[in-house]
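A.B. asks: Below is one structure. I have some questions about it.
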Amino acid sequence: MTSILNPTELKQQRRLLVIWCITFLIIFPFLISLGLMMRMNQGGLADLPPNTFYSYMTMHGLGMAGILFSITLGAANYLISSRYVKLKIGFQYFVYFLILIGFLTLIFATIIGGFAAGWYVLYPLPFIGASWPAWSTALTTVSLIVLGVAWLLGSMHVLLALAKRYGGFSRLMGWNYIVGKTPDEPLPPMAMIATVALVPAVLSFLSAAVFLVMFLFQYFEPSLAFDPLFMKNMIFFFGHVIVNITMYLAVGWVYTLLPEYSKRDWGVDRIFAISWNGSFIFIIFAYLHHLYMDFAQPSGLQFAGQIASYLSAVPVTVVTMFGVIGQLYHSKVKWTMVPFVFLLGTMGWAIGGFAALVDSTIYVNKVLHNTLWVPAHFHTYMLAGVVLYIFGFLYYFSTPEAERKTENYSKLGIWIYLIGVYGFLLMFYLGGMNSVPRRYDKYVGITVGDVQSTGMLLARIAAYFVMAILAGLLVMYVSLITRIAKKFNE
Amino acid sequence: MIPNNLFLSIQTSAAIVSLLGAILVVCIVLFIIGTSSVDEEKHQAKGKVYKLRVKYFYGLMAAIVLLLFFTMQTLPYFKHKTTRSDEVVTVVGAQWAWKMDHGTTEVKAKEFEGLNDITLPSNKVIQFNVMSADVNHNFAIYNDKGDIVAQTQAMPNYTNHLQYTFEERGEYHILCLEYCGMAHAYMTGSIHIE
Numbered sequence: 102m103t104s105i106l107n108p109t110e111l112k113q114q115r116r117l118l119v120i121w122c123i124t125f126l127i128i129f130p131f132l133i134s135l136g137l138m139m140r141m142n143q144g145g146l147a148d149l150p151p152n153t154f155y156s157y158m159t160m161h162g163l164g165m166a167g168i169l170f171s172i173t174l175g176a177a178n179y180l181i182s183s184r185y186v187k188l189k190i191g192f193q194y195f196v197y198f199l200i201l202i203g204f205l206t207l208i209f210a211t212i213i214g215g216f217a218a219g220w221y222v223l224y225p226l227p228f229i230g231a232s233w234p235a236w237s238t239a240l241t242t243v244s245l246i247v248l249g250v251a252w253l254l255g256s257m258h259v260l261l262a263l264a265k266r267y268g269g270f271s272r273l274m275g276w277n278y279i280v281g282k283t284p285d286e287p288l289p290p291m292a293m294i295a296t297v298a299l300v301p302a303v304l305s306f307l308s309a310a311v312f313l314v315m316f317l318f319q320y321f322e323p324s325l326a327f328d329p330l331f332m333k334n335m336i337f338f339f340g341h342v343i344v345n346i347t348m349y350l351a352v353g354w355v356y357t358l359l360p361e362y363s364k365r366d367w368g369v370d371r372i373f374a375i376s377w378n379g380s381f382i383f384i385i386f387a388y389l390h391h392l393y394m395d396f397a398q399p400s401g402l403q404f405a406g407q408i409a410s411y412l413s414a415v416p417v418t419v420v421t422m423f424g425v426i427g428q429l430y431h432s433k434v435k436w437t438m439v440p441f442v443f444l445l446g447t448m449g450w451a452i453g454g455f456a457a458l459v460d461s462t463i464y465v466n467k468v469l470h471n472t473l474w475v476p477a478h479f480h481t482y483m484l485a486g487v488v489l490y491i492f493g494f495l496y497y498f499s500t501p502e503a504e505r506k507t508e509n510y511s512k513l514g515i516w517i518y519l520i521g522v523y524g525f526l527l528m529f530y531l532g533g534m535n536s537v538p539r540r541y542d543k544y545v546g547i548t549v550g551d552v553q554s555t556g557m558l559l560a561r562i563a564a565y566f567v568m569a570i571l572a573g574l575l576v577m578y579v580s581l582i583t584r585i586a587k588k589f590n591e
Numbered sequence: 444m445i446p447n448n449l450f451l452s453i454q455t456s457a458a459i460v461s462l463l464g465a466i467l468v469v470c471i472v473l474f475i476i477g478t479s480s481v482d483e484e485k486h487q488a489k490g491k492v493y494k495l496r497v498k499y500f501y502g503l504m505a506a507i508v509l510l511l512f513f514t515m516q517t518l519p520y521f522k523h524k525t526t527r528s529d530e531v532v533t534v535v536g537a538q539w540a541w542k543m544d545h546g547t548t549e550v551k552a553k554e555f556e557g558l559n560d561i562t563l564p565s566n567k568v569i570q571f572n573v574m575s576a577d578v579n580h581n582f583a584i585y586n587d588k589g590d591i592v593a594q595t596q597a598m599p600n601y602t603n604h605l606q607y608t609f610e611e612r613g614e615y616h617i618l619c620l621e622y623c624g625m626a627h628a629y630m631t632g633s634i635h636i637e
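What follows is the structure in structure tokens.
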């Protein structure tokens, strides 16, 4: 694929992407290790003080959502700037360093400072009954503001550049395709998907900005009190959207790169445009399913949550997943690392998405809400979906162009990783099925039925599978890190 | 009206449905990998997939409409408005204990006094008015086998009305299912049904 950049510009973009990749490859296993400690603690294999457990939980959740979105944005930046529209390298570095500062301060506030209100900092928990020092609440709030500003700027940068290049928001959303006016210059799928993902992202960052500033107000004036249901809506809107659009941004490069292996076209057409416009709406409303057990929430919003959640499956499966099948069915594709991992990522997304749909049914959610079923489905979505798409991208990026269609790297690492992931996930699903609660540092306080013993046994087994995940990553890292590092001087 | 349990608990049914879904997805992936070496003209191959896609689309839309229709017959939000309660119980979640008492209350959640166990009759419609004295909690009722049978959030400034009829006598347990601070995992209570 020829680049729109000159060799110097391309080298600059490549170097920044290498920095992004290395950052991700360091932070990702660190955050998994926190998760491992949590499962070991729940299984009785470790004995963490409660505040330590919950501060790990907070860092693990915020860190994972943050690093996966950040690397995805970084990778999307590289693809967009090298193929479609130039992005300012200096500004991208500025965003990168803001994100890095945000991460480092967040690690300090949680691991050192002990801030432990969970990823969702559910108001008013950060201010009432806290067992951590007040400064760590303030530092977490500030670090989240820094991260939010960085993501907002990074997203706006891409959106504005794309809008300028392709003639505005309506063109980027493919509305001309919907009304039957196919443009002379076809819109790349990545451009439209980035728009569909990043516009809700901008809205979610603004929502986060509002509640974080309210946090700061309360920090300085403790007598203030805000409406908890309103705050909960804001928080879950932010949290759901950022996780949801991380997957969509990653799907953008699957649309872009998979055709290079299948040798089949995969472009924007009318059905594609209608489908992704649908996703745009469903991204915004699906978060409501997080509040099903808040009976005080207006019931119209509860219905909207289930309807949006169900309908979100339509564009995803009809267009994207059938699209992947259309790319690969009878294609004589050589199962090198990239198409193989992309297919596995789509499989994980489908499995996790289906489990999410089951739980997005209010009738079911009333007994699965806040059990281990919830982390089960979003860990499937992330570990078996988004992360595999990211590794597919990393293998694509680090493989010399001439070797992309012939290379066949050892898949040992990915197989060990997959065994670890699906074993680990199965323990979560079984936990959910057995009503084991989520966000418990230990299960010893539970005296009902077999919940305690089941929870502990599943946590112990899960811990061993997490070790397999780390081992799989290690095997992958042996070759991947050297290959990525080489790209720095290419 | 869909009963709470048909043949299996909702949890088990959800797990079986999800497992079947996962098996189907894995089979599709294995089929794609297993048959990928077949050489077929690309438009013809894509045409076959897209033809199937149309059928899938109509099937999916029909399934969504049916599922929405049936699953929304039984929602936990309106029961207290449509069904008369035989008994009302006030529940207040506070870091880190449940306080319960018979009847409604006029006092603020923070000042409410109650015990973390209560005795209630079987086969009577019980309405729990659930509140919080401080942060978000979640009032989850477990039967003696360890299955969740009902739950609602306990939120500051709001009252959530949860109706439930205990059909079996014996012990039910309460756990907190919303992270509420350090002793969250120990915030328990009991309901004796006689």
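Residue numbers (my numbering), protein chains in the order written: chain V, 102 to 591; chain R, 444 to 637.
Beta carbons: idealized from backbone N, C-alpha and C, even for Gly.
Given the structure is predicted, the values throughout are model-derived calculations rather than measurements.
#1: Using the Cβ count rule (16 or more neighbours within 10 Å means buried), how would you classify T347/V?
#2: Between which two residues does the beta strand (DSSP E) containing F209/V stretch?
#3: Find the nearest neighbour of E637/R within the set T595/R, E614/R and C623/R, judged by alpha-carbon distance.
#4: Per DSSP, which residues does A458/R bridge with? Please list them.
#5: Drop a sphere of 10 angstroms on the beta-carbon of V497/R, count the other beta-carbons inside from all chains shown, and report buried for 16 or more, exposed for fewer.
#6: Show which residues of chain R have a CB atom less than 7 Å away from the CB atom of A456/V.
#7: Buried or exposed for R527/R, please, with buried defined as at least 16 other CB atoms from any protein chain shown within 10 angstroms of its CB.
#8: Hey, how far is the Cα of F228/V from the Cα of G164/V?
#9: At which residues does the beta strand (DSSP E) containing Q407/V begin and terminate?
#10: The alpha helix (DSSP H) that contains W367/V, what's its start and end?
#11: Quick check on DSSP: helix, strand or coil for Q487/R?
#12: Starting from M574/R, follow the alpha helix (DSSP H) in both directions and report where the run begins and ends.
#13: Counting C-beta neighbours from all protein chains within 10 Å, is the total for C623/R 16 or more, i.e. buried, or is it exposed?
#14: Alpha carbon to alpha carbon, how far is L495/V from N579/R? Give it in angstroms, no decimals.
#15: Can you tell me which of R266/V, Q319/V, L253/V and M141/V puts its alpha carbon nearest to the alpha carbon of A298/V?
#16: With respect to the beta strand (DSSP E) encompassing M557/V, which residues constitute its N-terminal and C-terminal limits?
#17: Taking the alpha carbon of P476/V as the reference point, which residue from L304/V, Y530/V and T462/V has its own alpha carbon closest?
#18: For the putative contact between S183/V and L106/V, defined by C-beta atoms under 8 Å, what is the C-beta separation to the nearest angstrom?
#19: Which residue's Cα is closest to the Cα of S565/R: T548/R, A537/R, E530/R and T547/R?
#20: Excluding sequence positions up to five away, which residues of its chain have a Cβ less than 8 Å from the Cβ of V567/V?
#21: Determine the DSSP secondary structure at Y607/R, reduced to helix, strand or coil.
#22: Taking C-beta to C-beta, are I527/V and Q454/R nearer than 9 Å?
#23: Using CA atoms only, rank isn't needed, just tell me which of I200/V, N334/V and P150/V is closest to Y221/V.
#24: Could you tell me whether any Cβ in chain V is nearer than 9 Å to the Cβ of K553/R?
#25: So, do the region 556 to 566 of chain V and the region 590 to 599 of chain R have three or more beta carbon pairs nearer to each other than 8 Å?
#26: Taking Cβ positions, are G556/V and G532/V nearer each other than 9 Å?
#27: For the beta strand (DSSP E) that contains G486/V, what are its first and last residues?
#28: Can you tell me whether DSSP reads W541/R as helix, strand or coil?
#29: On the three-state DSSP scale, how would you describe I617/R?
#30: Can you give, in chain order, each stretch of the alpha helix (DSSP H) that sits fully within the region 230 to 299 of chain V and has at least 4 residues?
#31: On the premise that G255/V lies in contact with L313/V, defined as a C-beta separation below 8 Å, what is that separation, rounded to the nearest angstrom?
#32: Mind pulling the chain R residues with CB within less than 8 Å of F404/V?
#33: Taking the alpha-carbon positions, what's the L330/V to F270/V distance?
#34: Using a Cβ cut-off of 7 Å, pull out every chain V residue sitting near E621/R, in sequence order please.
#35: So for E504/V, helix, strand or coil by DSSP?
#36: Going by beta-carbon coordinates alone, are P416/V and L429/V separated by less than 9 Å?
C.D. replies: To lay it out plainly:
#1: If you number the first sequence from 1, residue 347/V lands on position 246. Burial call: buried.
#2: Counted from its first residue, the first sequence places residue 209/V at position 108. That residue, F209/V, is in no beta strand (DSSP E); it is neither H nor E in DSSP.
#3: Within the second sequence, residue 637/R is the residue found at index 194, counting from 1. The shortest Cα separation from E637/R among T595/R, E614/R and C623/R belongs to E614/R.
#4: If you number the second sequence from 1, residue 458/R lands on position 15. A458/R is bridged by DSSP to nothing; it lacks a bridge partner.
#5: Stepping through the second sequence from its first residue, residue 497/R is reached at position 54. It counts as exposed.
#6: Counted from its first residue, the first sequence places residue 456/V at position 355. Ordered by position in chain R, the residues that pass the 7 Å Cβ test against A456/V are S461.
#7: Position 84 of the second sequence holds residue 527/R. It is exposed - the Cβ of R527/R has fewer than 16 other Cβ atoms within 10 Å.
#8: For the purposes of this step, residue 228/V is taken as the residue at position 127 of the first sequence. For the purposes of this step, residue 164/V is taken as the residue at position 63 of the first sequence. When rounded, the distance between both Cα atoms is 21 Å.
#9: Counting from one through the first sequence, the residue named residue 407/V turns up at place 306. Element bounds for Q407/V: not the beta strand (DSSP E) but the alpha helix (DSSP H), S400 to L412.
#10: Counted from its first residue, the first sequence places residue 367/V at position 266. Annotation for W367/V: no alpha helix (DSSP H) segment contains it, and DSSP assigns it neither H nor E.
#11: Looking up residue 487/R in the second sequence gives position 44. In the displayed model, Q487/R falls within a helix according to three-state DSSP.
#12: Counted from its first residue, the second sequence places residue 574/R at position 131. For M574/R, no alpha helix (DSSP H) segment is defined; the enclosing uninterrupted segment is the beta strand (DSSP E) at V568 to S575.
#13: Here residue 623/R refers to the residue found at position 180 when the second sequence is read from its first residue. Counting C-beta atoms within 10 angstroms of its own C-beta, C623/R has 16 or more neighbours from the protein chains shown and is therefore classed as buried.
#14: One-based indexing of the second sequence puts residue 579/R at position 136. One-based indexing of the first sequence puts residue 495/V at position 394. Cα to Cα, N579/R sits roughly 41 Å from L495/V.
#15: The residue you call residue 298/V lines up with position 197 of the first sequence. Out of R266/V, Q319/V, L253/V and M141/V, L253/V has the C-alpha closest to the C-alpha of A298/V.
#16: For this step, residue 557/V is matched to residue 456 along the first sequence. For M557/V, there is no enclosing beta strand (DSSP E); the residue is part of the alpha helix (DSSP H) that begins and ends at V552 to K588.
#17: As a first step, residue 476/V is located in the first sequence; it is residue number 375 there, counting from the start. Nearest option by C-alpha distance: Y530/V.
#18: Position 82 of the first sequence, counted from the start, is the residue given in the question as residue 183/V. Position 5 of the first sequence, counted from the start, is the residue given in the question as residue 106/V. So it is a contact: roughly 6 Å between Cβ atoms.
#19: Against the second sequence, residue 565/R aligns to sequence position 122. Considering only alpha carbons, the answer is E530/R.
#20: Counted from its first residue, the first sequence places residue 567/V at position 466. Contacts found: I133, G136, L137, R140, G521 and F525.
#21: As a first step, residue 607/R is located in the second sequence; it is residue number 164 there, counting from the start. The answer is strand: DSSP assigns Y607/R an E or B state.
#22: The residue given as residue 527/V occupies position 426 in the first sequence. The residue given as residue 454/R occupies position 11 in the second sequence. Looking at the sequence provided, one finds Leu at residue 527/V rather than Ile. Not a contact, by the Cβ cut-off of 9 Å.
#23: For the purposes of this step, residue 221/V is taken as residue 120 along the first sequence, with counting starting at 1. For the set I200/V, N334/V and P150/V, the Cα lying nearest the Cα of Y221/V is the one of N334/V.
#24: By one-based count along the second sequence, residue 553/R stands at place 110. Closer than 9 Å: no.
#25: Remark: fewer than three beta-carbon pairs, one from each stretch, lie closer than 8 Å, so the region 556 to 566 of chain V and the region 590 to 599 of chain R are not flagged as touching.
#26: Position 455 of the first sequence holds residue 556/V. Position 431 of the first sequence holds residue 532/V. For the pair G556/V and G532/V, the CB atoms are nearer than the 9 Å cut-off.
#27: If you number the first sequence from 1, residue 486/V lands on position 385. For G486/V, there is no enclosing beta strand (DSSP E), as DSSP marks it with neither H nor E.
#28: Start at 1 with the first residue of the second sequence, and residue 541/R comes out as number 98. Of the three classes helix, strand and coil, the one that applies to W541/R here is strand, per DSSP.
#29: By 1-based counting over the second sequence, the position of residue 617/R is 174. Reduced to three states, the DSSP call for I617/R is strand.
#30: Taking 4 residues as the minimum length, the alpha helix (DSSP H) runs contained wholly in the region 230 to 299 of chain V are 235 to 267, 270 to 273 and 276 to 279, in order along the chain.
#31: Position 212 of the first sequence, counting from 1, holds the residue named residue 313/V. Position 154 of the first sequence, counting from 1, holds the residue named residue 255/V. The pair is not a contact, with the Cβ atoms about 17 Å apart (cut-off 8 Å).
#32: Looking up residue 404/V in the first sequence gives position 303. What F404/V touches in chain R: M515.
#33: If you number the first sequence from 1, residue 330/V lands on position 229. If you number the first sequence from 1, residue 270/V lands on position 169. Spanning the alpha carbons of L330/V and F270/V requires a straight line of approximately 33 Å.
#34: As a first step, residue 621/R is located in the second sequence; it is residue number 178 there, counting from the start. Those are N471, listed as they occur along chain V.
#35: As a first step, residue 504/V is located in the first sequence; it is residue number 403 there, counting from the start. In this structure, E504/V counts as helix in the three-state DSSP scheme.
#36: Translated into positions along the first sequence, residue 416/V becomes position 315. Translated into positions along the first sequence, residue 429/V becomes position 328. The Cβ atoms of P416/V and L429/V lie no closer than 9 Å to each other.
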